[in-house]
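Below you'll find the structure, written out as structure tokens, and then a few comments.
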Amino acid sequence: MEGHLLEVRGLSISFTQYEKGLHQTELPVIRDLNVTVDRGELVAVIGSSGSGKSLLAHAVMGLLPYNASSSGEMLYQGEPLTESRKRELRGRNIVLVPQSVSYLDPLMQVGEQVRKGKKGPAILEKCRRVLGSYGLGPETEPLYPFQLSGGMTRRVLISTAVMEEPELVIADEPTPGLHLEAARRVLGHFREMAEQGAGVLLITHDLELALQVADRVVVLYAGTAIEETDSRSFSREETLYHPYTRALYRAMPEHGFSSVPGNQPYVKELPSGCPYRPRCERAKGECAGAVPFERTDRGGVRCLRWREWAFGQEEPSLREEAAL
Amino acid sequence: MDNAKWIAGQLIRMMVLLVFVAAAVFLLLSISPVDPLTTNVGQTALGAMSPEQVEKLREYWGVGVPPLSRFAGWAKDVLRGDLGVSLLYRRPVAEVIGERFVNSVWLMAAAWLLSGAIGFLLGILAGRKRGGLADKLVTGYCLMTASTPAFWIAMVLLMVFAVWLKWLPIGLAVPIGTAAAEVSLGDRVIHMILPALALSLTGISNIALHTREKLAEVMESDYVLFARARGESEGSILLRHGLRNIALPALTLQFGSVSEIFGGSVLVEQVFSYPGLGQAAVTAGLGSDVPLLMGITVISAALVFGGNTAANILYGLIDPRMRKGRRKS
Amino acid sequence: MKIRNRRQRMAVLMAVSLFLLVLVTAAGWAFGETASATDFSRKNLAPCLSYPFGTDFMGRDMLLRTVAGLSSSIRLGILTAAVSAVIAFILGLAAAVLGKAADGVISGMIDLVMGIPHILLLILISYACGKGFWGVVVGISLTHWTSLARLIRGEVLQLKESNYVKIAARLGHGKLKVAFFHMTPHLLPQLVTGLVLMFPHAILHEASITFLGFGLPPEEPAIGIILSESMKYLVMGKWWLALFPGLLLAGVVLLFHFLGEGLLLLLDPENAHR
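Protein chains in written order, with my numbering: chain A, 1 to 324; chain B, 1 to 329; chain C, 1 to 274.
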């Protein structure tokens, strides 16, 4: 029996950096992340810009930089995803759609990059067809990356992924810099891939856009996964269980744009326990202790008081645990 | 058409710079307090001469003529192809330089090619993996040679291969006492080995370190990360993306290194008494032979600017970003 | 102190380098007199226990002479590199701040200096100064500023775009005042690193030009002179006259290099993760 297409359990990624002078510090970028992706499903991981969530993509592909380290478990089709298996799968079964033009070789023509240097009439024909399906004519092929517009770049990058007929697509921030229409179109392409049977892991900072295409959503706060839920949960505030997710909901234009004061803490100055605690109006003493990721009817949540919201009351069992 | 215009612009820029170099050098040489008579004729000999003889010598060495008119005269002659007469060799400067140039140019070309090729290869070896064993060895070697004066390396080679092992001749371009016509090609090559080796050994570090840095940058770039994500092997990445992105900078650097090679040849030729341009420059400087020094400087500056201009043009013609960018503007 | 990471290793290396350099400089200064003492009863001795570097044709102790020569090389290197750094700083700043014309003139000067092979330019300047000590000092000071000036220019152009500099200019501070009071503090790390990385070049060029016969007078204890003298004796197999002084010179240059690389690692914000 095969498991999920991709299953990530308790993944933490950190990297080392020098502070002032001679001391090294460890920066936790992603902490204790659980996520699964199945065939035909589009899962979005939402985190704020510049929080290092690209490292999640790199970790799955086995491409973490030398100063980063990761712990936790990753399974692909139920089998552990070891480094050697990652090497085997990447570029064929698992493909990455990176975020910007800097991921294209500046001195190589687009066509050659999409074809990955392979030659022959069959591959030429396929390359032409794939580019064409994204509205890029044959005149795109001899261009160099610096001659592409932002939207063209995204479509070229997506074409590289489609050339492989992958099982799992990891899209790393595919929309910044695009105007709304183009961004929607790009996300639509990922939806199509999911419809055709691939699993898609979309890493983005844009919750609203992601909700339009995703089946499920994982929300990160300061590198910690605080809620995993069905994207339909976002149609009502009551079906969201974490105070931060609700705050995100209320911050959306159609729900009144209201924002919670304060900022996400920098990973170096994380508070103990729940990272959202300092800004949370429902925080209580226990929130400074360990907060486990609990399963819910809609996915999972990392909040001690989620049941009060989900069921409108305080569960007796929770009170007992707290008393212990 | 655009290209032709742009190249013409580069060449004009080079000519203008050359004129400025000539003027600057002339200025430097004319403010010198060194009295060519005392240096070359000697104080005692001067004292023993009649005033008319001294006056004649002063005229010969150009003492007392205002610098500006001397420069004007010199420039006019140069435009006619006349670089003046060497005061020490008592022959036309163009002739002395021509003869010396032939000796030097082979030496420098050999060192230029050798150091370029070896340096590039070592740089690739090191830059493929920053911090790896090959990287440590290559940067170590480069650090050592960069910290060592070129002439000392020449002296060590001379001590080991000429004095101690006696495999190669101690110096000069040809066997002593051989008439120019009888010198065989083999003799010339044998006399060139040690100087060329000394020059190459020191020239390697620059290109190797530069190539290493560039390649390491490429290997840590986003596009190589993406190539890895697409399942390309390390070998294919090195060939397809690495070489493509480092070849042009390396070529540019090597064309720009003419100045260092020439500087090195001055020192190395001195150690091996190799009768090239560099040795002539030292002799001219020590002996206050202004026309010869002037000629050599202008020729070497022309070589340097020629190298730099070639590098610029190469870059502009090959790099698509420069090529297409120029067409747009 | 327990050494935990690359930066701490570098700091230790830097401290050791600095100590050795100070030691050599001081020793050379102190033994300057003894170094040139001749004693014809001990001419041309090969290296032995009492004279580890051997003696030369006038019976001078080569170890003492070498240390004295290195000491004068280091002092000369510091002097000339400092002058060169000041020139680089002023011209780099001026090129970036004083407008297009000044920028054009200064980059033209850089092209000129770089266009003549370095050694040849040193010969020319030495000749212009009438050779000798000052010819070397002026020559090396005037020829090493180019790349640092370019670096400073680039840095200042970037700083000019930063908000606080724009605000200072808006408040009516003059160009030069802004440059000196608001930009200089940010340029200091670059300047110091550039200065230290300049020492190796300055010292090697001093040795080279002296070796060619344009530099210090023959009675001075200078590495270039020691090596130039040894040329005559190489053919006779007196290898020690050239080997040890050259090795020690390379060692000193290497120590300066470590210092500079260390500063670069510690002061350059781009190296935060290394």
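C-beta atoms are modelled at their ideal positions from N, C-alpha and C, and glycine is treated no differently.
Where residue i falls: helix, strand or coil (DSSP)
i, result
"methionine 49 of chain B", "coil"
"tyrosine 76 of chain A", "strand"
"glutamine 17 of chain A", "strand"
"leucine 168 of chain A", "strand"
"alanine 222 of chain C", "coil"
"tyrosine 249 of chain A", "helix"
"serine 317 of chain A", "With a pLDDT of only 45 at serine 317 of chain A, under 50, the local geometry of the prediction cannot be trusted, and the value read off the model is given with reservation. Of the three classes helix, strand and coil, the one that applies to serine 317 of chain A here is helix, per DSSP."
"leucine 136 of chain C", "Note that residue 136 of chain C corresponds to valine in the displayed sequence, not to leucine. Here valine 136 of chain C sits in helix by DSSP."
"tyrosine 144 of chain A", "coil"
"arginine 307 of chain A", "helix"
"valine 34 of chain B", "coil"
"serine 84 of chain A", "helix"
"arginine 90 of chain A", "strand"
"arginine 323 of chain B", "helix"
"isoleucine 226 of chain A", "strand"
"alanine 229 of chain B", "helix"
"proline 245 of chain C", "helix"
"glutamate 208 of chain A", "helix"
"arginine 295 of chain A", "strand"
"alanine 68 of chain A", "strand"
"leucine 157 of chain A", "helix"
"arginine 90 of chain B", "coil"
"asparagine 163 of chain C", "helix"
"isoleucine 78 of chain C", "helix"
"glutamine 109 of chain A", "coil"
"valine 97 of chain A", "strand"
"aspartate 38 of chain A", "coil"
"threonine 25 of chain A", "strand"
"glutamine 10 of chain B", "helix"
"glycine 10 of chain A", "strand"
Rounded distance between the beta-carbons of residue j and residue i, thought under 8 angstroms
i, j, result
"phenylalanine 214 of chain C", "isoleucine 123 of chain C", "6 angstroms"
"serine 205 of chain B", "alanine 111 of chain B", "13 angstroms between Cβ atoms; not a contact."
"leucine 18 of chain B", "alanine 301 of chain B", "6 angstroms"
"glycine 263 of chain B", "histidine 201 of chain C", "Going by Cβ atoms, the distance from glycine 263 of chain B to histidine 201 of chain C rounds to 12 angstroms, so no, they are not a contact pair."
"valine 93 of chain B", "valine 105 of chain B", "Not quite, the Cβ-Cβ distance comes to about 17 angstroms (not below 8 angstroms), so this is no contact."
"valine 162 of chain A", "valine 130 of chain A", "5 angstroms"
"isoleucine 170 of chain A", "alanine 57 of chain A", "5 angstroms"
"arginine 212 of chain B", "threonine 139 of chain B", "7 angstroms"
Closer than 6 angstroms: residue i CB and nearest the ligand NAD heavy atom
i, result
"aspartate 206 of chain A", "Because no ligand of any kind appears in the structure shown, any question about the ligand NAD cannot be addressed here."
Given 8 angstroms as the limit, is there contact between the segment 148 to 156 of chain B and the segment 226 to 237 of chain B, that is, 3 or more CB pairs closer than that?
-> Too few Cβ pairs lie closer than 8 angstroms, so no.
Touching or not, the segment 141 to 149 of chain C and the segment 282 to 293 of chain B, by the rule of three or more beta carbon pairs under 8 angstroms?
-> With a cut-off of 8 angstroms, the segment 282 to 293 of chain B and the segment 141 to 149 of chain C do not count as touching, because too few Cβ pairs lie within range.
Given a limit of 8 angstroms on CB to CB distance, which residues of the segment 9 to 28 of chain C reach chain B?
-> Contacts with chain B (Cβ-Cβ distance below 8 angstroms) from the segment 9 to 28 of chain C involve no residue at all.
Note down, in chain order, all residues in the segment 265 to 277 of chain A with a beta-carbon under 8 angstroms from any beta-carbon belonging to chain C.
-> Within the segment 265 to 277 of chain A, contact with chain C at the beta-carbon level (separation under 8 angstroms) is assigned to no residue.
Tell me the start and end of each unbroken alpha helix (DSSP H) in the segment 181 to 242 of chain C that is at least 4 residues and wholly inside, in chain order.
-> Listed in chain order, they are 184 to 211, 223 to 234.
Just by C-beta distance, which residues in the segment 143 to 154 of chain A are closer than 7 angstroms to chain B?
-> Those would be Tyr144, Phe146, Gln147, in chain order.
With 7 angstroms as the C-beta to C-beta threshold (strictly closer), list the residues of the segment 15 to 29 of chain B near chain C in chain order.
-> Those residues of the segment 15 to 29 of chain B placed with their C-beta closer than 7 angstroms to a C-beta in chain C are Leu17, Phe20, Val21, Ala24, Val25, Leu28, Leu29, ordered along the chain.
How do the segment 181 to 197 of chain C and the segment 246 to 263 of chain C stand: do at least 3 beta-carbon pairs fall below 8 angstroms, yes or no?
-> Judged by pairs of C-beta atoms under 8 angstroms, the segment 181 to 197 of chain C touches the segment 246 to 263 of chain C, as three or more such pairs exist.
Contact set between the segment 99 to 115 of chain A and chain B, restricted to residues whose Cβ is under 8 angstroms from the partner = Correct list: Ser100, Ser102, Tyr103, Leu104, Asp105, Pro106, Leu107, Met108.
Selection of the segment 200 to 229 of chain A by Cβ proximity to chain C, strictly under 9 angstroms = The residues in question: there are none.
Contact between the segment 59 to 72 of chain A and the segment 41 to 48 of chain A (3+ Cβ pairs under 8 angstroms) = With the cut-off at 8 angstroms, the segment 59 to 72 of chain A and the segment 41 to 48 of chain A do not touch.
Validate contact between the segment 20 to 34 of chain B and the segment 292 to 307 of chain B using beta carbons, cut 8 angstroms, 3 pairs | Yes, since at least three Cβ pairs between the segment 20 to 34 of chain B and the segment 292 to 307 of chain B fall closer than 8 angstroms, the two stretches touch.
For the segment 268 to 275 of chain B against the segment 219 to 230 of chain B, are there 3 or more C-beta pairs whose distance is under 8 angstroms?
-> No contact exists between the segment 268 to 275 of chain B and the segment 219 to 230 of chain B.
When Cβ atoms are compared, which residues of the segment 215 to 235 of chain C fall closer than 8 angstroms to chain B?
-> Those residues of the segment 215 to 235 of chain C that come within reach of chain B (Cβ to Cβ, closer than 8 angstroms) are Leu227, Ser230, Met231, Leu234, Val235.
Counting Cβ pairs closer than 8 angstroms, one from the segment 206 to 223 of chain A and one from the segment 121 to 137 of chain A, do we hit at least three?
-> Cβ pair count under 8 angstroms is below three, so no.
Residues from the segment 218 to 231 of chain B in contact with chain A, defined by Cβ distance under 7 angstroms | For the segment 218 to 231 of chain B, which is checked against every Cβ of chain A, the residues closer than 7 angstroms are Asp222, Tyr223, Leu225, Phe226, Arg228, Ala229, Arg230, Gly231.
Contact between the segment 150 to 159 of chain C and the segment 85 to 103 of chain C (3+ Cβ pairs under 8 angstroms) | In the pairwise beta carbon analysis, the segment 150 to 159 of chain C is classified as touching the segment 85 to 103 of chain C: at least three pairs are separated by under 8 angstroms.
Decide yes or no for the touch test of the segment 245 to 258 of chain B against the segment 155 to 162 of chain B: beta carbon pairs closer than 8 angstroms, at least 3 of them.
-> Touching, no, given that fewer than three Cβ pairs across the two stretches are closer than 8 angstroms.
Answer yes if the segment 25 to 42 of chain A comes into contact with the segment 83 to 90 of chain A, meaning at least three C-beta pairs across the two stretches below 8 angstroms, and no otherwise.
-> With a cut-off of 8 angstroms on Cβ pairs, the segment 83 to 90 of chain A is not in contact with the segment 25 to 42 of chain A, counting fewer than three such pairs.
Alpha helix (DSSP H) runs contained entirely in the segment 191 to 263 of chain B, provided each spans 4 or more residues | 222 to 229, 234 to 237, 243 to 256, all fully within the segment 191 to 263 of chain B.
Going along the segment 199 to 210 of chain C in order, which residues come within less than 8 angstroms of chain B, judged by CB to CB distance?
-> Here the close residues are Pro200, Leu204, Ala207, Ser208.
What residues from the segment 238 to 250 of chain C come within 8 angstroms of chain B, judged by C-beta to C-beta, listed N to C?
-> Identification of residues in the segment 238 to 250 of chain C having a C-beta nearer than 8 angstroms to some C-beta of chain B yields Trp239, Ala242, Leu243, Gly246, Leu249, Ala250, given in sequence order.
contact_flag[the segment 250 to 262 of chain B, the segment 308 to 320 of chain B] where n(CB pairs < 8 angstroms) is 3 or more | At 8 angstroms Cβ cutoff, the stretches touch.
Output, in sequence order along the chain, the residues in the segment 277 to 292 of chain B whose CB is closer than 9 angstroms to any CB in chain C.
-> So the close ones are Gly278, Ala281, Val282, Ala284, Gly285, Leu286, Ser288, Val290.
Residues, ordered as in the chain, of the segment 125 to 142 of chain C that lie near chain B by beta-carbon distance below 7 angstroms | Within the segment 125 to 142 of chain C, those residues whose Cβ lies closer than 7 angstroms to any Cβ of chain B are, in chain order, Ile125, Tyr127, Ala128, Gly130, Lys131.
Contact between the segment 179 to 190 of chain A and the segment 107 to 118 of chain A (3+ Cβ pairs under 8 angstroms) = As far as the Cβ criterion goes, the segment 179 to 190 of chain A does not touch the segment 107 to 118 of chain A, which means the pair count is below three.
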